[in-house]
Amino acid sequence: MARVKIDMPAAFAFSTSIPVRITDVNYGGHLGNDAIVSILHESRMQYLRSLGCSELEFFGTGLIMSDLAIVYKGEGFYGDTLTVEVTAGELSSVGFDLFYRLSTTRDGKILVIAEAKTGMVCFDYQARKVARLPEPFKQQTSNTTA
Numbered sequence: 174m175a176r177v178k179i180d181m182p183a184a185f186a187f188s189t190s191i192p193v194r195i196t197d198v199n200y201g202g203h204l205g206n207d208a209i210v211s212i213l214h215e216s217r218m219q220y221l222r223s224l225g226c227s228e229l230e231f232f233g234t235g236l237i238m239s240d241l242a243i244v245y246k247g248e249g250f251y252g253d254t255l256t257v258e259v260t261a262g263e264l265s266s267v268g269f270d271l272f273y274r275l276s277t278t279r280d281g282k283i284l285v286i287a288e289a290k291t292g293m294v295c296f297d298y299q300a301r302k303v304a305r306l307p308e309p310f311k312q313q314t315s316n317t318t319a
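Under the numbering used here, the first residue of the sequence shown carries the number 174, and numbering increases by one thereafter.
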């Protein structure tokens, strides 16, 4: 069976801490996959806010997620505080990928819980069509990924 593989970047431009809530835990007693998607969304919003943007106001255009891949590496539990690292890469004329690494520290060891990637496409919500990647984002990203 083919497995999803994500080529993770060596460095991340942004990091945030997100606690695992009791509502994030599934019947298996660990962090559920639906909760991980929500945590990715929250960390993406915090990353964009650090750039002075949002998904609806992204340097003069909007953003829409075109795809999502998650590779699970370990279990997260209620009471864990996740460190979520985020960075942009693989820029194209109309979008880019965001890479995420979710980890926690338990018993003095850093444990990776999941790695993920979302494809983000620039989108003009008024015209309902794909838009060009804004030049200010390209410039800002080249300063953090070089």
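Glycine residues also receive a C-beta, built at the ideal position from the N, C-alpha and C atoms.
Using a Cβ distance threshold of 8 Å, residue 232 and residue 309 count as a contacting pair. A distance below 8 Å between beta-carbons, with the five flanking residues on each side excluded, links residue 313 to the following residues of its chain, in chain order: 224. DSSP places residue 218 in the uninterrupted alpha helix (DSSP H) bounded by 206-223. Per DSSP, reduced to three states, the secondary structure at residue 311 is helical. Between residue 262 and residue 270, the CB-CB gap stays under 8 Å.
Three or more beta-carbon pairs separated by less than 8 Å are not found between the region 295-302 and the region 206-224, which leaves the two stretches without contact.
Counted as a single uninterrupted DSSP element, the stretch harbouring residue 182 is not any beta strand (DSSP E), since DSSP gives it neither H nor E. Note on residue 194: under 16 other CB atoms within 10 angstroms of its CB, so exposed under the neighbour-count rule. For residue 258, DSSP records a beta bridge to 188, 274.
No residue range can be given for residue 202, since it is assigned to no beta strand (DSSP E) and is classified by DSSP as neither H nor E.
Residue 296 is bridged by DSSP to 235, 303. Taking the C-beta atoms as reference points, residue 191 is found nearer than 8 Å to residue 255. Judged by beta-carbon spacing, residue 275 lies within the 8 Å limit of residue 257, meaning their Cβ atoms are closer than that value.
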